[in-house]
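A short write-up of the structure that comes next.
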Amino acid sequence: MGMFRVEVEIANPRGGEFTPVELVVDTGAYYTTLPASLLESLGLTPNREMRFRIADGSAQTWGVASALFRVDGIETYSPVAFGPEGVFLLGAVTLEELALIADTTNRRLVPAEEVPAVGVRLAGSGP
Numbered sequence: 043m044g045m046f047r048v049e050v051e052i053a054n055p056r057g058g059e060f061t062p063v064e065l066v067v068d069t070g071a072y073y074t075t076l077p078a079s080l081l082e083s084l085g086l087t088p089n090r091e092m093r094f095r096i097a098d099g100s101a102q103t104w105g106v107a108s109a110l111f112r113v114d115g116i117e118t119y120s121p122v123a124f125g126p127e128g129v130f131l132l133g134a135v136t137l138e139e140l141a142l143i144a145d146t147t148n149r150r151l152v153p154a155e156e157v158p159a160v161g162v163r164l165a166g167s168g169p
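Anchor point for the sequence shown: position 114 equals 156 in this note's numbering, and the numbering is continuous, going up by one each time.
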């Protein structure tokens, strides 16, 4: 899997300015993960804790909060994990919330052409 970096802006959903950060696009990571110190500087506080399996195979418990993300003018709320210093990962959940797909060949994010809807038939939509 190819990895690449993108500029993302993050803010506290309760108010405050967006802060630009460069993140490694990591579709193998479930949640976006940033250093706890950066998230705390934005006034974010964890509202729960989760166990995460990291690349070396060990498991660690990190806090998780909701943050506001902006990429190329698209904004969404998404969970973010309070990781260790030096970890700047853009995870799959945030990409899905933004309806963006990682184009690893061209090293960029592209809009999803279509996104999955509900797995049931809508009334009047056919047999």
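Note that beta-carbon positions come from the ideal geometry of N, C-alpha and C, so glycine has one too.
### Query
Is T118 near L140, with beta carbons less than 8 Å apart?
yes
### Message
Please classify V198 as buried or exposed, where buried requires at least 16 other C-beta atoms within 10 Å of its C-beta.
### Response
Since the displayed the chain opens at 43 and closes at 169, residue 198 lies outside it and no answer follows.
### Task
For the beta strand (DSSP E) containing T74, list its first residue and its last residue.
T74 to P77
### Runs of alpha helix (DSSP H) lying entirely within the segment 47 to 100, each at least 4 residues, in chain order
78 to 83
### Task
Taking only beta-carbon positions, decide if T136 is within less than 8 Å of chain B.
Here chain B cannot be found, since the structure has a single protein chain.
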